[in-house]
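Below: one structure, written as structure tokens.
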Amino acid sequence: MKNFLLHKIFLTKGMAANFAVLLFAAAASAQSPEKIDQELAKLAGDSRNNAKTYEVVTKLDTIITGKAASVQQKINAFNIIFDMHARNKKYSDAAAAAAKICESLPGNPEVRQITLLAIINMYASAQQFDRAIENANTFLKEFPDARSSAEVRVKLASYLSRKKDFAGSLGEVEKAIAQIKDNDKLMAEALVIAMDAAAQAKKPEKELEMVTKLKDDKYLKARNQWEHYGIRMRYANCLRKAGKLDETIRYCTESEKIVENHPPDQRQNWCKMIADCLAEKKASSDEIIRQCEKVFVDHPAISNNWYSAQQMIVDAFAREKKFNEALSAARIMFDASDDQWKREHSCRVVADLFKQLDGNDTRAQQFIEFQDQGPDGEDKKAGTDDDLKNPLSAVNYPSYAEREKSFARTTAECGDNSAASRHRGLMQIYTGHPRKAMQYFIDGARRASCDDFSPAALDMIRIGAHSVRGYDADMEDFYRFASLGPNGPDGKAGTEDDIKDPIAPLLGNELKLTSGSGGMAGLPEADVKNLREVQAFLQSLAGDQLTKGRDRRDVIVSIERIHEALLDWNAPGMKQWYASQLANFDKDDAEDALFNGLQLAARACRYDLGDVQALWKDLESKPEEKLVAPETMKRIGMQWQKTLKMLNPPPKPKPKPKPKPKPAVKKTK
24 MKNFLLHKIF
34 LTKGMAANFA
44 VLLFAAAASA
54 QSPEKIDQEL
64 AKLAGDSRNN
74 AKTYEVVTKL
84 DTIITGKAAS
94 VQQKINAFNI
104 IFDMHARNKK
114 YSDAAAAAAK
124 ICESLPGNPE
134 VRQITLLAII
144 NMYASAQQFD
154 RAIENANTFL
164 KEFPDARSSA
174 EVRVKLASYL
184 SRKKDFAGSL
194 GEVEKAIAQI
204 KDNDKLMAEA
214 LVIAMDAAAQ
224 AKKPEKELEM
234 VTKLKDDKYL
244 KARNQWEHYG
254 IRMRYANCLR
264 KAGKLDETIR
274 YCTESEKIVE
284 NHPPDQRQNW
294 CKMIADCLAE
304 KKASSDEIIR
314 QCEKVFVDHP
324 AISNNWYSAQ
334 QMIVDAFARE
344 KKFNEALSAA
354 RIMFDASDDQ
364 WKREHSCRVV
374 ADLFKQLDGN
384 DTRAQQFIEF
394 QDQGPDGEDK
404 KAGTDDDLKN
414 PLSAVNYPSY
424 AEREKSFART
434 TAECGDNSAA
444 SRHRGLMQIY
454 TGHPRKAMQY
464 FIDGARRASC
474 DDFSPAALDM
484 IRIGAHSVRG
494 YDADMEDFYR
504 FASLGPNGPD
514 GKAGTEDDIK
524 DPIAPLLGNE
534 LKLTSGSGGM
544 AGLPEADVKN
554 LREVQAFLQS
564 LAGDQLTKGR
574 DRRDVIVSIE
584 RIHEALLDWN
594 APGMKQWYAS
604 QLANFDKDDA
614 EDALFNGLQL
624 AARACRYDLG
634 DVQALWKDLE
644 SKPEEKLVAP
654 ETMKRIGMQW
664 QKTLKMLNPP
674 PKPKPKPKPK
684 PKPAVKKTK
């Protein structure tokens, strides 16, 4: 009985809804245009209400198929219903709505174009490019000369590129380019598609033709600002691939002078490309070397292209058979090798130069063995017969007076954070001062934030320690010390797993670890005084109960930045201050910043993570204290594990197999 009543209620409601629609249909035929506009506005709002979908669709269908609405009102109704179906991924219903309005207004080209465009865009948004292509072709077949046909061809070309039909894409977009009139934005879009399709279709001449048009200012303005450099660089590369090296050099020279909206690294790239072109056109070695020097001297704040420029200097000297000069420049390249590939490459270059200079393999083989085994030789014991010498250490560093002068200015101005210290270290490497560089890299690791410590420590080891030692073998303890500190894995002093600091002995008495007044950043006394005053004020804000949420987090982050500049994380009471801030306030947005500060205070300006390891172990042993909310601890813990993972020693290279002795050949009588 209950089910019957429910069924009856449902039928009654359904009949009521249908009856309401019939009443609407009857009323719609007599509605004024103003009433229909009002109804469309209401239906547009109701179209987002899923509970009213059936009612809205039915009323819109009535407007579309009825006689009272104008053509524009029917188009408006279609747009609402089509958007509803497309939004709900009911693509067949959307296509049916398009067919319905075309039946209601037979032979109306405007309506047909609008519906086809809607269907094309719908299928493209749904990543159904085959159907989008099919409908775009239908549009172009029916309306080849319509005003919107150029736009449709551009769309079709992009869809064909998505389907990897680059020849078809290029053909369609060229037709579109011929059709486009007074629409810079559409023309720029067409040229981008044409440029990429030509490149994929292996048609470099066509790619150059399209990017030449695209680099015109009126089309660049139609693209996003961040795309401009890429388009200009694409043009230069196309010129270069076409063998038009002099033209490329002229264009790069002009582009390097553009300062507005042109970051320093981009300007350095233009400078380096000029050097590349000079090398390709086999210009004189002196000309190539002068241009490579500009990569350093004219762009001292950016190191991106320094390694490759130094390598080009080595190659230029070697080409002229100036092997002593090449070896001298190669020593800097060797010191600057910060990854496995660069180290292996620089070792091959140095060994080859020794061979070329000596006319034999003696020093080349000594150098390779020294790299593989270090000074103690195969038995790893100093003072034995197999001890080795590094022949590269007898090669003097080159003198780069202009570099020194340019780098000196940048050293004084480049800042007081970890990245600035590391950049100072690189400048010392590229002027042949590895021991001074090592001091800057240590300074960078000491002041590094939690996120920056891994890259700073890796620079300290891979560039700093590597260049001072002169070889890369047996560096596992450098990584282990940076990660675990002097107490080793168990965190206890005086046990078997303790790790001796391998870094400090490299510099001996030269290493001066100052703290509290900016370290090696060279802060003026007035700046130090001002920073301390601001720090005291910010600490009072941080301790104020009225400083909450994001405001408090900003205060804590600012305090951390001042500590980084002053390099005073080892000041008395620092760790206790951060712990008290975490304990005394409600958990808020500042919690992660405070815990990062606690880690830095625990590290206390050291260049290893030993005391931070102890902090984490202490927190894990006292989970009930909950100094930090579990979700915050989980998030920070993930970053901590990432830091430790980055400091894992690289895998040891496989030992080279020793040549097997050849079997003796028996003499026949």
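Quick note on this note's numbering: the sequence shown kicks off at 24 and runs consecutively. All residues carry an ideal CB built from backbone N, CA and C; glycine is no exception.
Around the beta carbon of Phe501, 16 or more other beta carbons lie within 10 angstroms, which makes this residue buried.
Measuring C-alpha to C-alpha distances from Arg629 to each of Lys571, Arg658, Leu617, Lys535 identifies Lys535 as the nearest. Judged by DSSP secondary structure, Ile312 falls within the alpha helix (DSSP H) whose first and last residues are 308 to 320. For the pair Arg576 and Asp612, the CB atoms are nearer than the 7 Å cut-off.
The Cβ neighbour count for Phe560, taken over all protein chains shown within 10 Å, is under 16; the residue is labelled exposed. In the DSSP annotation of this structure, the continuous segment of the alpha helix (DSSP H) that includes Tyr114 starts and ends at 114 to 127. Assigned with DSSP and collapsed to three states, Thr655 falls in helix.
Contact between the stretch 631 to 651 and the stretch 456 to 466 is absent: fewer than three C-beta pairs spanning the two stretches fall below 8 Å. In summary, Val372 is buried, with 16 or more beta-carbon neighbours lying within 10 Å of its beta-carbon over all protein chains present. A direct Cα-to-Cα measurement between Lys403 and Ser331 gives close to 34 Å. In the DSSP assignment, Ala199 falls within the alpha helix (DSSP H) that extends over 189 to 202. In the displayed model, Ser581 falls within a helix according to three-state DSSP.
With 16 or more other Cβ atoms inside 10 Å of its own Cβ, Gly397 counts as buried. The three-state secondary structure of His456, taken from DSSP, is coil. Within the stretch 457 to 522, the runs of alpha helix (DSSP H) at least 4 residues long that lie entirely inside it are, in chain order, 457 to 470, 476 to 482, 489 to 492, 499 to 507. Fully enclosed alpha helix (DSSP H) runs of no fewer than 4 residues occupy 152 to 165, 172 to 185 of the stretch 142 to 188, in order along the chain. In this structure, Ala298 lies near Cys315, with their beta-carbon atoms less than 7 Å apart.
Under the 10 Å beta carbon count, Asp358 is surrounded by 16 or more other beta carbons and is classified as buried.
Three or more Cβ pairs drawn from the stretch 234 to 242 and the stretch 213 to 224 lie within less than 8 Å of each other, which places the two stretches in contact. Its chain contains Val196, Ala199, Leu209, Glu212, Ala213, Ile216 as the residues whose beta carbon lies nearer than 7 Å to that of Val177, once the 5 sequence neighbours on both sides are disregarded; these appear in chain order. The beta carbons of Ile156 and Tyr182 sit closer together than 7 Å.
When rounded, the separation of the alpha-carbon atoms in Ala306 and Ile486 is 32 Å. With a contact defined as Cβ atoms closer than 8 Å, Arg342 and Cys300 miss out at about 16 Å.
In this structure, the beta-carbon distance from Phe105 to Ala118 does not fall below 7 Å.
Judged by DSSP in its simplified three-state form, Arg246 adopts coil rather than helix or strand. Note that the C-beta distance between Cys294 and Val320 is not below 7 Å. Counted as a single uninterrupted DSSP element, the alpha helix (DSSP H) harbouring Thr81 occupies residues 76 to 88. In the structure shown, His251 adopts helical secondary structure according to DSSP, grouped into three states.
Per the coordinates, the alpha-carbon of Asn73 lies some 11 Å from the alpha-carbon of His108.
Distance from the CA of Tyr274 to the CA of His322, rounded to the nearest whole angstrom, comes to 19 Å. The residues His251, in chain order, have a CB closer than 6 Å to that of Leu243 in the same chain once the five nearest residues on each side in sequence are set aside. By alpha-carbon distance to Gly539, the top candidate from Ser278, Ala588, Ala565 is Ala588.
By a beta-carbon distance limit of 8 Å, Pro414 does not contact Ile355. Their separation comes to about 16 Å.
Annotation for Arg573: Asp612 place their beta carbon closer than 8 Å to its own, counting only its chain and skipping 5 residues before and after. Under the Cβ criterion (8 Å, minimum of three pairs), the stretch 463 to 474 counts as touching the stretch 627 to 644. Along the stretch 252 to 301, the alpha helix (DSSP H) occurs as fully enclosed runs of 4 or more residues at 268 to 279, listed in sequence order.
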